[in-house]
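Protein chains in written order, with the numbering used here: chain A, 22 to 197; chain B, 11 to 408.
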């Protein structure tokens with residue numbers, strides 16, 4: 022099982038990203054996922070968590086993940102020393118940030134900058150979702166796009182797919 | 011053609027209700043049920059569902075309106091949770107005694123005080139005796155399918171009893187997973203329109219909602235009881251028809267996992283069953299003969315099925331998210347009654363957890379299986395009858 026923990030603030034779309042990841046994973050038959058927010062009242066700006074569990078068998082444990090194979094921070098201010106406690110062994114971290122961190126486990130992407138440029142608003146969730154592509158095996162651009170098409174309101178779909186393509190194009194450039 | 015979607019339990023249930031084509035929906039929102047009635051109101055607004063949608067002023071009114079609709083011969087739906095369900099309690103017996111086969115979704119949530127919006131099963135389990143069939147879903151797919159099956163079951167002429175479909179608050183209502191949504195044509199092939207003579211009808215007038223004094227009352231109450239018992243057999247027939255038309259099979263009033271040769275069995279209900287099976291399958295892989303019995307229908311009480319599943323075991327635990335204060339867990343009482351009536355001597359223990367949304371961890375489930383191992387061995391006296399999970403001090407002497 023691959024467990025992804027999302028840290029964000031209310032309004033950044035962390036749970037939407039958690040849901041889209043689960044839907045994208047399940048694009049292929051024989052795959053199972055659970056996606057859920059940390060339960061309770063929601064407030065814009067308040068720290069919140071969301072979880073996505075990905076597996077090739079039905080997932081029985083509906084509890085919050087204690088450790089993530091990937092831990093995503095939609096807000097850099099939530100990424101703090103001690104983050105290792107929530108990281109599974111061999112796990113990776115993805116932070117929405119303009120700067121690099123001196124830690125091989127920590128990947129960064131300027132999701133605010135990308136979403137500001139493409140959407141006109143700093144809603145970093147789909148940029149981070151796209152940046153998971155090399156970190157979570159078994160995902161593809163097609164599955165992410167299909168998840169956006171099935172699970173986001175029609176008026177947001179094209180712009181968010183453009184965000185995904187912007188991230189993937191930039192990553193391809195880096196790889197070259 | 012069915013369609014695969016990534017939905018929460020609440021959303022999946024709303025899809026099931028849409029496919030069941032209720033003519034009247036009356037509802038009052040309460041967390042964690044709210045999403046169901048929001049989705050249904052959107053479906054009615056968009057024209058995806060042709061129903062009269064009544065946004066009433068309270069849960070008492072929600073069920074009262076559903077009863078009125080059912081008395082007019084309509085297929086009716088409502089949904090609630092926790093204090094809302096308790097507020098409807100008076101109306102529950104009207105619906106059951108009036109033999110109105112309303113379907114209600116209950117999002118299982120703690121009851122106050124202290125105030126708490128999270129999941130446990132105190133709400134519905136405290137109302138087992140009000141004449142409603144009670145069924146507990148494990149996942150979003152089963153929730154959707156139960157929305158359809160509940161109508162077919164409750165409306166069956168041999169049953170004519172309202173059905174409460176229970177979904178664990180948040181763990182099921184707010185968790186997203188892949189769900190196969192049947193097409194309207196598939197659903198229509200499974201569930202015919204509601205036909206009944208138990209309704210207001212100028213052509214064939216009948217008396218509805220009447221008085222029955224001491225001379226007759228017992229006949230009505232015995233009939234309610236016998237028809238509810240008969241529902242257990244009808245569940246099998248309804249599920250057979252569901253498998254034939256929709257293509258998904260269900261195992262009847264209980265869901266037994268590796269109980270045939272199991273020495274230690276955990277009996278539970280609702281969405282925690284998946285986690286218990288996960289732990290049990292790891293123990294099986296390590297050579298332990300363990301099993302899991304998920305109670306799907308708690309009313310009618312699946313006594314014979316419980317006995318058949320656990321009578322060969324050496325120790326049985328009942329894991330539930332409620333307590334009947336001053337007694338024990340309500341499911342424990344029911345399971346013990348079934349075993350006692352059958353003369354089944356297997357020792358049982360009660361584990362109460364998940365109260366007010368507390369997490370039941372895999373480690374705790376492992377501790378339950380380990381306690382059962384003690385009960386099956388020579389240390390039975392060291393495991394108390396009732397254990398509260400995740401509390402160090404188990405309290406008094408009794």
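Even glycine gets a Cβ: it sits at the ideal position worked out from N, Cα and C.
Helix, strand or coil for residue i? Go by DSSP, reduced to three states.
{"i": "residue 173 of chain A", "result": "coil"}
{"i": "residue 329 of chain B", "result": "strand"}
{"i": "residue 104 of chain B", "result": "helix"}
{"i": "residue 308 of chain B", "result": "strand"}
{"i": "residue 97 of chain B", "result": "helix"}
{"i": "residue 90 of chain A", "result": "strand"}
{"i": "residue 78 of chain A", "result": "coil"}
{"i": "residue 271 of chain B", "result": "coil"}
{"i": "residue 345 of chain B", "result": "helix"}
{"i": "residue 296 of chain B", "result": "coil"}
{"i": "residue 161 of chain B", "result": "helix"}
{"i": "residue 211 of chain B", "result": "coil"}
{"i": "residue 72 of chain A", "result": "strand"}
{"i": "residue 351 of chain B", "result": "helix"}
{"i": "residue 58 of chain A", "result": "strand"}
{"i": "residue 177 of chain B", "result": "strand"}
{"i": "residue 254 of chain B", "result": "helix"}
{"i": "residue 182 of chain A", "result": "helix"}
{"i": "residue 313 of chain B", "result": "helix"}
{"i": "residue 87 of chain B", "result": "strand"}
{"i": "residue 25 of chain B", "result": "helix"}
Can you find a C-beta in chain A that's less than 9 angstroms from the C-beta of residue i?
{"i": "residue 371 of chain B", "result": "yes"}
{"i": "residue 360 of chain B", "result": "no"}
{"i": "residue 134 of chain B", "result": "no"}
{"i": "residue 130 of chain B", "result": "no"}
{"i": "residue 153 of chain B", "result": "no"}
{"i": "residue 76 of chain B", "result": "no"}
{"i": "residue 15 of chain B", "result": "yes"}
{"i": "residue 338 of chain B", "result": "no"}
{"i": "residue 283 of chain B", "result": "yes"}
{"i": "residue 149 of chain B", "result": "yes"}
Nearest chain B C-beta to residue i closer than 9 angstroms, yes or no?
{"i": "residue 84 of chain A", "result": "yes"}
{"i": "residue 34 of chain A", "result": "no"}
{"i": "residue 183 of chain A", "result": "no"}
{"i": "residue 53 of chain A", "result": "yes"}
{"i": "residue 198 of chain A", "result": "The structure shown does not extend to residue 198 of chain A, since chain A is modelled only from 22 to 197, so the question has no answer here."}
{"i": "residue 80 of chain A", "result": "yes"}
{"i": "residue 100 of chain A", "result": "no"}
{"i": "residue 29 of chain A", "result": "no"}
{"i": "residue 178 of chain A", "result": "no"}
{"i": "residue 88 of chain A", "result": "no"}
Measuring alpha carbon to alpha carbon, tell me which residue in the options is nearest residue i.
{"i": "residue 342 of chain B", "options": "B:324, B:319, B:298 and B:279", "result": "B:279"}
{"i": "residue 102 of chain A", "options": "A:161, A:123, A:119 and A:111", "result": "A:123"}
{"i": "residue 270 of chain B", "options": "B:166, B:292, B:302 and B:243", "result": "B:302"}
{"i": "residue 36 of chain A", "options": "B:184, B:313, B:208 and B:229", "result": "B:184"}
{"i": "residue 249 of chain B", "options": "B:353, B:357, B:155 and B:238", "result": "B:155"}
{"i": "residue 118 of chain A", "options": "A:138, A:76 and A:94", "result": "A:94"}
{"i": "residue 148 of chain B", "options": "B:204, B:260 and B:316", "result": "B:260"}
{"i": "residue 340 of chain B", "options": "B:132, B:22, B:221 and B:193", "result": "B:132"}
{"i": "residue 267 of chain B", "options": "B:315, B:14, B:224 and B:229", "result": "B:315"}
{"i": "residue 390 of chain B", "options": "B:262, B:141 and B:324", "result": "B:324"}
{"i": "residue 374 of chain B", "options": "B:289, B:237 and B:70", "result": "B:289"}
{"i": "residue 214 of chain B", "options": "B:41, B:83, B:349 and B:202", "result": "B:83"}
{"i": "residue 257 of chain B", "options": "B:193, B:236 and B:332", "result": "B:193"}
{"i": "residue 72 of chain A", "options": "A:84, A:137, A:189 and A:97", "result": "A:84"}
{"i": "residue 66 of chain B", "options": "B:152, B:37, B:232 and B:136", "result": "B:37"}
{"i": "residue 136 of chain A", "options": "A:98, A:126 and A:34", "result": "A:34"}
Following a CB-centred definition, is residue i positioned closer than 8 angstroms to any heavy atom of the ligand HEM?
{"i": "residue 28 of chain B", "result": "Of ligands this structure carries none, so the ligand HEM is not represented either."}
Requested in this report: For the region 35 to 79 of chain B, list the beta strand (DSSP E) runs that are entirely contained and at least 3 residues long, ordered along the chain.
Outcome: Within the region 35 to 79 of chain B, the complete beta strand (DSSP E) segments of 3 residues or longer fall at 62 to 65, listed in chain order.
Report task. Let me know the alpha helix (DSSP H) ranges lying completely inside the region 117 to 158 of chain B, each 4 residues or longer, listed in chain order. Result -> 132 to 135
Query raised in the report: Whole beta strand (DSSP E) runs in the region 95 to 170 of chain A with 3 or more residues, listed along the chain?
Result: 108 to 117 and 127 to 130
Query raised in the report: Mind listing which residues of the region 175 to 205 of chain B have their C-beta closer than 7 angstroms to chain C's C-betas, in chain order?
Result: Absent from the structure: chain C. Protein chains present are A and B.
**Report entry** Stretch pair the region 178 to 190 of chain A + the region 146 to 162 of chain A: three plus CB contacts closer than 8 angstroms
**Finding:** yes
Query - Touching by the beta-carbon criterion (3+ pairs, under 8 angstroms), the region 157 to 168 of chain A and the region 46 to 55 of chain A - result: The region 157 to 168 of chain A makes contact with the region 46 to 55 of chain A; the number of CB pairs closer than 8 angstroms reaches 3 or more.
Query - At least three beta-carbon pairs within less than 8 angstroms, the region 82 to 97 of chain A to the region 108 to 121 of chain A - result: yes
Query raised in the report: Are three or more beta carbon pairs between the region 26 to 40 of chain B and the region 192 to 204 of chain B nearer than 8 angstroms?
Result: yes
Report task. Please determine if the region 311 to 328 of chain B and the region 357 to 369 of chain B are in contact, where contact requires at least 3 C-beta pairs separated by less than 8 angstroms. Result -> The answer is yes - the region 357 to 369 of chain B touches the region 311 to 328 of chain B, with three or more Cβ pairs under 8 angstroms.
Query raised in the report: On the three-pair Cβ rule with 8 angstroms, is the region 91 to 98 of chain B touching the region 54 to 62 of chain B?
Result: no
Query raised in the report: Are at least three pairs of beta-carbons, each pair with one atom in the region 369 to 383 of chain B and one in the region 286 to 303 of chain B, less than 8 angstroms apart?
Result: yes
Query raised in the report: Can we say the region 16 to 24 of chain B touches the region 173 to 188 of chain B, given the rule of at least three CB pairs closer than 8 angstroms?
Result: Yes, since at least three Cβ pairs between the region 16 to 24 of chain B and the region 173 to 188 of chain B fall closer than 8 angstroms, the two stretches touch.
Requested in this report: For the region 217 to 225 of chain B and the region 38 to 48 of chain B, state whether three or more C-beta atom pairs, one from each stretch, are separated by less than 8 angstroms.
Outcome: no
Requested in this report: Give a yes or no on contact between the region 75 to 83 of chain A and the region 51 to 60 of chain A, applying the rule of three or more CB pairs nearer than 8 angstroms.
Outcome: Between the region 75 to 83 of chain A and the region 51 to 60 of chain A there are three or more C-beta pairs closer than 8 angstroms, enough to call the two in contact.
**Report entry** alpha helix (DSSP H) runs wholly inside the region 357 to 402 of chain B, at least 4 long, in chain order
**Finding:** 372 to 386
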